[in-house]
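Trainee: Protein chains in written order, with our numbering: chain W, 325 to 666; chain R, 96 to 251. Backbone N, C-alpha and C fix where the C-beta goes; we use that ideal spot for every residue, glycine too. Computed from a prediction, not measured in an experiment: that's the story for all the values here.
Structure follows, in structure tokens:
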């Protein structure tokens, strides 16, 4: 028996599409200087933002993004049913400490850089399932905290290979509400979600995460079309999380080989967030990348009427420094969410 | 009870085909440019070392003492440049040219010392100090033991 709200193999169809009623983004100085700089709500003056450590700074950014998202919707933390958040640090400390301060019942998420999509999907499921009225979600990453955990100390003089990506310093928060509680008039609604499988195409180079994640993005996007019966013409924008320029090229190539013509409507958050002159090589990555690009840029453009339907595929590389040192390859994952403005 | 069969959906042939696709689009490192800058910067650091050796010789130090003095000076300069955030900028385009000389060794010790001071003096600075320099030291020592052993055996 097919579950009531499921269509096809991996897709959920929300019967009463939950609404994204507010968002807030906080980014680092480099992201603020980038091409999307004017869309972000707040740019921190430096990578510490007055804190003792980069980790504390990242936690503060996530908390600020979530608090402000609540503020914009005129809600207090007590009115929110669940908080869903995650980041890249060991034991997702930024999300944990933010949850400690906000006091909202909390589920910590780890989907590497796909965390934003994971939070959106789970939040929408909780609301459409009748388990919540309001769900607060968010994700963060920070260049310096990610570098020291995954790669080198900031001041170490190393040369980055041309396939490397730059971890975005940024935090994005969003508030999901049951449609009966959302403000009247058109709004951003989560209509479909396709949950991804873990795909490993045996890429082992940690400096080439776009290539490691692209097959997962392709797998999920194609599955979304198969399950829903939709095709690329149903969307004005298909956007992946953080494949970067190489991953984007690979993703496009594979989708075209599979018979999906998406060239005109497809882009990637990691490609949009930096200008090529910012010396990031293949573009941005990290939980914060898709979180801030979606929350600040794509959602705003949808509200302005530029896109009516968007398919967002959050991508994640599921390795750790330990698995890499032990010679494991990098598994990728992608979760797709259809967001519509009506 | 039904048996669980793993769905290994990605075959070796698919992985191989994907590897080929990636290498078709993968940007290549600019080898000639990297080698050029590594040569120039690495060479300049060595020239600087020689300048210090000559200066110390003129000041009256013996050959080996002058060389030690030059090394100490280079280590100090590298630590200083690391501390003020310049050495990683040099390393970005010089690559091996700024990693291989003694200044690169100093950088690989000072950078974690700065980075991990947030975790305190024991578990941060002290424990992490040799994260990157440690392997260099270990294999340096091992190599010198082996050469020493070979030298001892060859003498007989």
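Whether or not the region 366-376 of chain W and the region 427-440 of chain W are in contact is what I'm after, with contact meaning three or more pairs of Cβ atoms, one per stretch, closer than 8 Å; do they touch?
Mentor: Flag = no, the region 427-440 of chain W and the region 366-376 of chain W do not touch.
Trainee: Beta-carbon separation of residue 626 (chain W) and residue 665 (chain W) under 8 Å?
Mentor: As a position in the first chain, residue 626 (chain W) is number 302, starting the count at 1. As a position in the first chain, residue 665 (chain W) is number 341, starting the count at 1. Taking 8 Å as the Cβ cut-off, residue 626 (chain W) and residue 665 (chain W) qualify as a contacting pair.
Trainee: Are the CB atoms of residue 390 (chain W) and residue 332 (chain W) nearer to each other than 8 Å?
Mentor: On the first chain, position 66 is the one that residue 390 (chain W) refers to. On the first chain, position 8 is the one that residue 332 (chain W) refers to. Against a cut-off of 8 Å, the Cβ pair of residue 332 (chain W) and residue 390 (chain W) comes out as no contact.
Trainee: What residue ranges within the region 383-413 of chain W form continuous alpha helix (DSSP H) runs of no fewer than 4 residues, ordered along the chain?
Mentor: Fully enclosed alpha helix (DSSP H) runs of 4 or longer: not present.
Trainee: My output table needs one value for residue 633 (chain W): the three-state DSSP class, helix, strand or coil.
Mentor: By one-based count along the first chain, residue 633 (chain W) stands at place 309. Strand, per DSSP.
Trainee: Mind pulling the beta strand (DSSP E) runs of 3 or more residues that sit fully within the region 416-476 of chain W?
Mentor: Listed in chain order, they are 430-432 and 458-465.
Trainee: On the three-state DSSP scale, how would you describe residue 212 (chain R)?
Mentor: Translated into the one-based positions of the second chain, residue 212 (chain R) becomes position 117. In this structure, residue 212 (chain R) counts as helix in the three-state DSSP scheme.
Trainee: What is the DSSP secondary structure of residue 588 (chain W), reduced to helix, strand or coil?
Mentor: Indexing the first chain from 1 puts residue 588 (chain W) at position 264. The answer is coil: DSSP assigns residue 588 (chain W) none of H, G, I, E or B.
Trainee: How is residue 328 (chain W) classed by DSSP in three states: helix, strand or coil?
Mentor: The residue given as residue 328 (chain W) occupies position 4 in the first chain. In the structure shown, residue 328 (chain W) sits in coil (DSSP, three-state: anything other than H, G, I, E or B).
Trainee: Note down, in chain order, all residues in the region 387-415 of chain W with a beta-carbon under 9 Å from any beta-carbon belonging to chain R.
Mentor: Within the region 387-415 of chain W, no residue qualifies.
Trainee: Is it right to say residue 250 (chain R) is buried, meaning 16 or more other beta carbons lie within 10 angstroms of its own, or is it exposed?
Mentor: By one-based count along the second chain, residue 250 (chain R) stands at place 155. It counts as exposed.
Trainee: Can at least three beta-carbon pairs, one atom from the region 601-618 of chain W and one from the region 485-496 of chain W, be found at a separation below 8 Å?
Mentor: The region 601-618 of chain W is in contact with the region 485-496 of chain W.
Trainee: Just to confirm the assignment, what range does the alpha helix (DSSP H) spanning residue 548 (chain W) have?
Mentor: Along the first chain, one-based indexing puts residue 548 (chain W) at 224. Run containing residue 548 (chain W): 533-552, per the alpha helix (DSSP H) assignment.
Trainee: In chain order, what residues of the same chain lie with their CB nearer than 8 Å to the CB of residue 587 (chain W), ignoring the 5 residues before and after it?
Mentor: Your numbering for residue 587 (chain W) matches position 263 in the first chain. Result list for residue 587 (chain W): 576 and 580, in chain order.
Trainee: Using a Cβ-Cβ cut-off of less than 7 Å, list which residues of the region 548-575 of chain W approach chain R; keep chain order.
Mentor: Result list: 570, 573 and 574.
Trainee: Nearest by alpha-carbon distance to residue 226 (chain R): which of R:239, R:209, R:242 and R:240 is it?
Mentor: Numbered from 1 along the second chain, position 131 holds the residue referred to as residue 226 (chain R). When only C-alpha atoms are compared, the closest one is R:209.
Trainee: By DSSP, does residue 613 (chain W) sit in helix, in strand, or in coil?
Mentor: In the first chain, the residue the question calls residue 613 (chain W) occupies position 289. Correct three-state label for residue 613 (chain W): helix.
Trainee: Could you name the residues that DSSP lists as bridge partners for residue 496 (chain W)?
Mentor: Counting from one through the first chain, the residue named residue 496 (chain W) turns up at place 172. Residue 496 (chain W) is bridged to W:349 and W:463.
Trainee: Residue 417 (chain W): which of W:429, W:382 and W:397 sits nearest, CA to CA?
Mentor: Counting from one through the first chain, the residue named residue 417 (chain W) turns up at place 93. Measuring from the Cα of residue 417 (chain W), the nearest candidate turns out to be W:382.
Trainee: Report all residues from its chain with a CB closer than 8 Å to the CB of residue 584 (chain W); omit the five preceding and five following residues, and keep chain order.
Mentor: By one-based count along the first chain, residue 584 (chain W) stands at place 260. The answer, listed in chain order, is 545, 546, 549, 555 and 556.
Trainee: With distance defined between alpha-carbon atoms, name the residue in W:524, W:561, W:515 and W:612 nearest to residue 591 (chain W).
Mentor: By one-based count along the first chain, residue 591 (chain W) stands at place 267. For residue 591 (chain W), the nearest C-alpha among the options comes from W:561.
Trainee: Beta-carbon separation of residue 481 (chain W) and residue 135 (chain R) under 8 Å?
Mentor: Stepping through the first chain from its first residue, residue 481 (chain W) is reached at position 157. Stepping through the second chain from its first residue, residue 135 (chain R) is reached at position 40. Taking 8 Å as the Cβ cut-off, residue 481 (chain W) and residue 135 (chain R) do not qualify as a contacting pair.
Trainee: I want to verify the contact list: residues of chain R whose CB lies under 8 Å from the CB of residue 479 (chain W), in sequence order.
Mentor: As a working note, residue 479 (chain W) is residue 155 in the first chain. Near residue 479 (chain W) (Cβ distances below 8 Å), the residues of chain R are 177, 178, 180, 182, 183, 202, 205, 206, 209 and 210.
Trainee: Tell me where the beta strand (DSSP E) around residue 656 (chain W) begins and ends.
Mentor: Residue numbering aside, residue 656 (chain W) sits at position 332 when the first chain is read from its first letter. Where residue 656 (chain W) is concerned, the enclosing beta strand (DSSP E) stretches over 656-665.
Trainee: Under 8 Å by Cβ, that's how I've got residue 639 (chain W) and residue 525 (chain W) pegged, so tell me the actual separation to the nearest angstrom.
Mentor: In the first chain, counting from the first residue as 1, residue 639 (chain W) sits at position 315. In the first chain, counting from the first residue as 1, residue 525 (chain W) sits at position 201. Residue 639 (chain W) to residue 525 (chain W), Cβ: 13 Å. No contact.
Trainee: Are the region 445-456 of chain W and the region 168-188 of chain R in contact at 8 Å, needing three or more beta carbon pairs?
Mentor: Contact fails: fewer than three Cβ-Cβ distances are below 8 Å.
Trainee: To the nearest angstrom, report how far apart residue 426 (chain W) and residue 593 (chain W) are at their CA atoms.
Mentor: Taking the first residue of the first chain as 1, we reach residue 426 (chain W) at position 102. Taking the first residue of the first chain as 1, we reach residue 593 (chain W) at position 269. Between residue 426 (chain W) and residue 593 (chain W), the C-alpha separation is close to 29 Å.
Trainee: What are the residues in the region 517-536 of chain W lying within 8 Å of chain R by C-beta distance?
Mentor: Of all residues in the region 517-536 of chain W, 521, 523, 524, 525, 526, 527, 532 and 535 have a Cβ within less than 8 Å of some Cβ in chain R.
Trainee: Run through chain W and tell me which residues come within less than 8 Å of residue 186 (chain R), C-beta to C-beta.
Mentor: Within the second chain, residue 186 (chain R) is the residue found at index 91, counting from 1. Correct list: 480, 481, 482 and 483.
Trainee: Three-state secondary structure (DSSP) at residue 361 (chain W)?
Mentor: Looking up residue 361 (chain W) in the first chain gives position 37. Correct three-state label for residue 361 (chain W): helix.
Trainee: Can you tell me whether residue 186 (chain R) is buried or exposed, with buried defined as 16 or more other CB within 10 angstroms of its CB?
Mentor: Here residue 186 (chain R) is taken as the residue at index 91 of the second chain, counted from 1. By the 10 Å Cβ count, residue 186 (chain R) comes out buried.
Trainee: Do you know how far the Cα of residue 620 (chain W) is from the Cα of residue 367 (chain W)?
Mentor: Position 43 of the first chain, counted from the first residue, corresponds to residue 367 (chain W). Position 296 of the first chain, counted from the first residue, corresponds to residue 620 (chain W). Near 12 Å, if we compare the C-alpha coordinates of residue 620 (chain W) and residue 367 (chain W).
Trainee: Looking at residue 615 (chain W) and residue 534 (chain W), is the spacing between their C-beta atoms short of 8 Å?
Mentor: Position 210 of the first chain holds residue 534 (chain W). Position 291 of the first chain holds residue 615 (chain W). Cβ distance not < 8 Å, so residue 534 (chain W) and residue 615 (chain W) don't count as in contact.
Trainee: Confirm, please, whether the CB-CB distance from residue 511 (chain W) to residue 460 (chain W) is below 8 Å.
Mentor: Along the first chain, read from residue 1 onward, the residue named residue 460 (chain W) stands at position 136. Along the first chain, read from residue 1 onward, the residue named residue 511 (chain W) stands at position 187. No; because the gap between Cβ atoms is not below 8 Å, this pair is not in contact.
Trainee: Of all the CB atoms in chain W, is at least one closer than 8 Å to the CB of residue 227 (chain R)?
Mentor: By 1-based counting over the second chain, the position of residue 227 (chain R) is 132. True, the Cβ-Cβ gap to chain W drops below 8 Å.
Trainee: Just curious, the alpha helix (DSSP H) that residue 133 (chain R) is in, first and last residue?
Mentor: Counting from one through the second chain, the residue named residue 133 (chain R) turns up at place 38. Start and end: 126-153.
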